[in-house]
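The sequence shown begins at 66 in the working numbering and counts up one residue at a time.
Worksheet for the structure shown next.
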Amino acid sequence: MISGTRENSLPLNLQGLWTNQVQTPWNGDYHLNINLQMNYWLAEVGNLAELHLPLVRLTESMQASGEKTAQGFYNADGWVAHMMTNPWYFTAPGEHASWGATNTGGAWLCSHLWEHYQYGLDTAFLRSVYPIIRGAAQFFLSSMIEEPQYHYLVTAPSSSPENGFKIPNSDKTIYVCHGPTMDVQIIRELFNNLLSAAKILNINDNITEAVEQALLRLPPNRISPKGYLMEWLEDYEEVDIHHRHVSHLYGLHPSNQISPDFTPELAQAAKVTLNRRGDAGTGWSRAWKINFWARLKDGNRAYSLLKKLLEPAWNPENSEEQRAGTYPNLFCAHPPFQIDGNLGGSAGIAEMLIQSQHGFIELLPALPDKWKNGSIKGVCVRGAGEIDFVWENHQVKEFTLRAKADHQYKIKIPDYVKTVKLNNKKIEGKDTPFLNLNLKKGDEVRVKLIPY
66 MISGTRENSL
76 PLNLQGLWTN
86 QVQTPWNGDY
96 HLNINLQMNY
106 WLAEVGNLAE
116 LHLPLVRLTE
126 SMQASGEKTA
136 QGFYNADGWV
146 AHMMTNPWYF
156 TAPGEHASWG
166 ATNTGGAWLC
176 SHLWEHYQYG
186 LDTAFLRSVY
196 PIIRGAAQFF
206 LSSMIEEPQY
216 HYLVTAPSSS
226 PENGFKIPNS
236 DKTIYVCHGP
246 TMDVQIIREL
256 FNNLLSAAKI
266 LNINDNITEA
276 VEQALLRLPP
286 NRISPKGYLM
296 EWLEDYEEVD
306 IHHRHVSHLY
316 GLHPSNQISP
326 DFTPELAQAA
336 KVTLNRRGDA
346 GTGWSRAWKI
356 NFWARLKDGN
366 RAYSLLKKLL
376 EPAWNPENSE
386 EQRAGTYPNL
396 FCAHPPFQID
406 GNLGGSAGIA
416 EMLIQSQHGF
426 IELLPALPDK
436 WKNGSIKGVC
446 VRGAGEIDFV
456 WENHQVKEFT
466 LRAKADHQYK
476 IKIPDYVKTV
486 KLNNKKIEGK
496 DTPFLNLNLK
506 KGDEVRVKLI
516 PY
């Protein structure tokens, strides 16, 4: 990431910055139905926040084109982007319905604006990007329709990226639909982020009121009688149950709508979904699954997928044949080469070691058995914090937390801990599973965790 982009340059594209061809695969564009966003999952937690800014600027620059697309294609307010864009800020639908109909690409990009704020707590930045988030929300407020059977508000037309389905008594593959699960999850996140930002910025207007009302009318996540999370509003038969995209688990990762701790039934449905999909797939698909299983707190399954991501891309029995995995130079193979698998896989390692998406910091949430001892330095958490920590025998021994802004930090203390020492002073009365630290910008604390 450091060698592929800079603050005042274009974002990393599908190949990052590297290619051995003049005509690159997919023209080296920006795919907005996961690939571009995956490139930047590592930026904040990896302490490379300044390298997130090219994506922020791209999103900002897409608004004018997106407004024309919203008006011209949907007669809608605000701005929209579909499945792909480029340095000329293309935002129109694509030529094939399986991917071109998806219209939540811009809304997904807006999640990165909120993420950058959460890790830095820069209110001036939030104020500068709030109109972008507001414009994306305006598009859906003015374009969603009422679905006739359940009366939910849904996107239409749309698609679940690149996967198709069959309807009863027909063998035809269908892509266009209304209200696919991924769209609902992205829009719910967009609306919630807008309301959170508006509260911080003390904004209360007709848009915030409309968003509050629309949130109540979005479809819930629905579980099939077979136990998996449904990809569409109806329990249609997928054309490919092993499809590389697992778009209906957006709510598990990168969003925080599905969690073993807070939504156990949905988390179980996510497990069933992933087991049906399988661990195979393109390089970047395997990278996404590392993140999924880390969010489900299954470190061993995440580790298994990390190993699959690193499998040689060249078939040892046929040197002309390529497959998903990793090339000899460590570039990820879709195939062909795409940088998203490298960066998404790295983000997955971070998710295995530290998570902060639910308002508290959790260390080693998905540690695999193979990583018995270790340490990490300089990773970041939401709330403008930076952490170093050490673990032995699968248990955190100590951590150092540095505050980059004034913040009340909440750290989950594992069950195996008997005593907590803060700057070598024992904390009395450990009667909750959380340690609360009210820190000022520049403060640094060292915490030792002593097991039973």
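All C-beta atoms in this analysis are idealised placements derived from N, C-alpha and C, irrespective of residue type, glycine included.
With a cut-off of 8 Å on Cβ pairs, the region 148-168 is not in contact with the region 424-440, counting fewer than three such pairs.
Here S235 carries a coil assignment [DSSP, helix/strand/coil]. Of the residues assessed, W153 falls on the exposed side of the cut-off, its CB having fewer than 16 other CB atoms within 10 angstroms.
Beta-bridge analysis with DSSP links N383 to N380. Just so you know, the alpha carbons of T134 and L174 end up roughly 16 Å apart. Under the three-state reduction of DSSP, I99 is assigned to coil, being neither helix nor strand. DSSP places K462 in the uninterrupted beta strand (DSSP E) bounded by 460-468. According to the DSSP secondary-structure assignment, L218 is paired through a beta bridge with E211. Between K513 and A468, the C-beta spacing is not below 8 Å.
Ranked by Cα distance from E457, the options L428, Q473, G448 are led by L428.
Note on geometry: alpha-carbon atoms of G346 and A398 lie some 11 Å from one another. In the assembly as shown, E330 is an exposed residue. Its beta-carbon has fewer than 16 other beta-carbons within 10 Å. Put simply, of L118, V110, E109 the residue whose alpha carbon is nearest the alpha carbon of S74 is L118. Excluding residues up to 5 positions away in sequence, N228, G229 lie with their Cβ nearer than 8 Å to the Cβ of D305 in the same chain.
Put simply, the region 385-396 does not touch the region 414-427. Fewer than three CB pairs are less than 8 Å apart.
Every unbroken stretch of the alpha helix (DSSP H) spanning 4 or more residues and falling wholly within the region 357-425 is given here in chain order: 364-374, 405-418. Of all C-beta pairs linking the region 373-385 to the region 312-320, fewer than three are shorter than 8 Å, placing the two stretches out of contact. For Q86, there is no enclosing beta strand (DSSP E), as DSSP marks it with neither H nor E. Put simply, of V194, A279, H313 the residue whose alpha carbon is nearest the alpha carbon of R287 is H313. Pairing N104 with P226, the inter-Cα distance amounts to about 18 Å.
In the DSSP assignment, G443 falls within the unbroken beta strand (DSSP E) covering 439-446. For the beta strand (DSSP E) assignment, the region 243-292 encloses no uninterrupted run of at least 3 residues. The three-state secondary structure of H307, taken from DSSP, is coil. With contacts defined by Cβ atoms closer than 8 Å, H472 and L186 form a contacting pair. Between the region 327-344 and the region 277-284, the count of Cβ pairs shorter than 8 Å is below three; the stretches do not touch. For K336, the uninterrupted alpha helix (DSSP H) run begins and ends at 329-342, by DSSP. With respect to H243, V276 sits apart: the two C-beta atoms are not nearer than 8 Å. With a cutoff of 8 Å on beta-carbon distance, N112 and E451 are scored as near each other.
Sorting G348, R199, S163, F205 by C-alpha distance to the C-alpha of A262 places R199 at the top. With contacts defined as CB atoms closer than 8 Å, A221 and A201 fail to qualify as a contacting pair.
Annotation for M417: A359, G364, A367, A431 place their beta carbon closer than 6 Å to its own, counting only its chain and skipping 5 residues before and after.
In this model, N383 and L339 are separated by some 30 Å (Cα to Cα). Going by beta carbons, E109 and Y184 fall inside the 8 Å limit. Where R122 is concerned, the enclosing alpha helix (DSSP H) starts and stops at 118-126.
In this structure, the straight-line span from the alpha carbon of P233 to that of I252 is close to 29 Å. Approximately 6 Å separates the beta-carbon atoms of P325 and L361; this is inside 8 Å, confirming the contact.
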